[in-house]
Amino acid sequence: MGSEQPTVLVVEDEPPLVEIYARWLESEYRVRTAQNGSEALEQVDEDVDVALLDRLMPGMSGDEVLAEILDRAPDCRVAMVTAVEPDFDIITMGFDDYLTKPVEKETLLETVDRLLERSDYQRLEQEFYALVSKRSALQAAKSAEELSTSEDFAELEHRIEELETELDTAMGDVDDGEFVAMVRDIEAEGEDPAEPPDGETDPFAEDVQDGADSDDSPGGGAR
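In terms of this note's numbering, the sequence shown is residues 16 to 238.
Given below as structure tokens:
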């Protein structure tokens with residue numbers, strides 16, 4: 016993590032999306048791109064600060080690439096950017112945020128900014144942020160009944176409560192208002208997905224949804 020300008024790695028197997036994400040990011044960050052897992056691993060080193068990672072790709076899956084990224088660049092923050100609705104398996108995965116396509120420009124940029132801020136915090140805060148993000152993603156995708164009957168989700172909630180207590184102790188007299196406000200924003204995003212505003216949006220939303228019901232798209236479904 017040594018660059019003056021942060022480096023973002025975009026891993027996405029749809030070339031038009033690679034181009035769009037790179038265009039959104041390049042004014043503020045150094046951008047590297049990869050269209051599959053093998054290319055992504057060729058691009059990963061200690062200078063990569065944030066990786067935006069598609070979950071379903073030909074060859075190596077995003078889950079496999081994630082494990083390799085965390086092994087090779089443990090300080091890199093990772094956001095999954097995918098059309099795959101989150102399931103309970105995300106609880107044990109080592110990413111920091113989960114964005115479901117279509118992703119708006121503002122959301123993408125805010126996520127990268129937030130992950131860069133997270134890289135400056137201590138282990139407890141990083142884990143707390145990641146778990147709250149996962150909880151919000153699951154709350155947006157699952158019914159109340161599914162959540163209430165999931166042992167994995169109950170363990171997630173318990174760990175979040177433990178971390179809140181540990182953070183209260185560790186932060187002492189430090190003003191944590193900004194941190195708490197940020198967590199509330201994350202939770203609000205998960206509970207009440209916003210309607211797309213005017214401006215630049217992911218133009219492949221319809222393609223992604225159509226692809227979920229068709230085997231014509233690469234990989235036979237949503238990315």
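Cβ coordinates follow ideal geometry from the N, Cα and C atoms, glycine included.
Identity of the residue in the options nearest residue i by Cα
i             : options                          : result
arginine 47   : Glu57, Val25, Asp62 and Leu56    : Val25
aspartate 183 : Leu139, Ser158 and Glu161        : Leu139
glutamate 176 : Glu34, Tyr144 and Ser158         : Tyr144
glutamate 54  : Val80, Tyr36, Ala159 and Met108  : Val80
aspartate 28  : Gly74, Thr107 and Glu142         : Gly74
glutamate 119 : Ile35, Ile106 and Asp104         : Ile35
glutamate 43  : Ile106, Pro30, Leu123 and Glu100 : Leu123
arginine 12   : Glu121, Glu161 and Ala155        : As displayed, the chain neither begins before 16 nor continues past 238, which places residue 12 out of reach and without an answer.
arginine 87   : Leu56, Ser163, Glu161 and Thr180 : Leu56
leucine 107   : Thr180, Pro89 and Asp78          : Looking at the sequence itself, residue 107 is threonine, so the reference to leucine does not match. When each option's Cα is compared against that of threonine 107, the closest is Asp78.
Sequence-distant residues of the same chain with beta carbon closer than 6 Å to residue i, five excluded per side
i              : result
leucine 40     : Val23 and Val46
isoleucine 105 : Lys149
Own chain, CB closer than 8 Å to residue i, minus 5 neighbours either side, in chain order
i                 : result
serine 76         : Gly52 and Arg70
glutamate 172     : Arg150
phenylalanine 110 : Leu68, Leu81, Val93, Ala94, Met95 and Ala145
proline 30        : Gln50
glutamate 100     : Thr115 and Ala156
Residue burial classification, residue i (beta-carbon count within 10 angstroms, cutoff 16)
i             : result
arginine 92   : buried
aspartate 102 : exposed
threonine 97  : buried
proline 21    : buried
Residue i - DSSP class collapsed to helix/strand/coil
i             : result
tyrosine 44   : coil
glutamate 210 : Its pLDDT being 47, under 50, glutamate 210 is placed unreliably in this model, and the value from its coordinates should be taken loosely. The answer is coil: DSSP assigns glutamate 210 none of H, G, I, E or B.
aspartate 128 : helix
valine 118    : coil
alanine 156   : helix
leucine 24    : strand
leucine 162   : helix
aspartate 90  : coil
valine 59     : coil
aspartate 102 : coil
leucine 71    : coil
aspartate 64  : coil
aspartate 111 : coil
Own chain residues within Cβ distance below 7 Å of residue i, not counting five before or after
i             : result
isoleucine 84 : Val59, Ala66, Cys91 and Val93
threonine 126 : Ala94, Asp112 and Leu114
alanine 159   : none
valine 33     : Val25, Glu27, Thr48 and Gln50
glutamate 142 : Leu178
arginine 174  : Leu146
glutamate 181 : Leu139
**Q.** Segment contact flag, the stretch 146-154 with the stretch 57-66, C-beta cutoff 8 Å, min 3 pairs
**A.** no
Q: Count the CB pairs spanning the stretch 157-170 and the stretch 120-132 that are closer than 8 Å, and state whether there are at least three.
A: no
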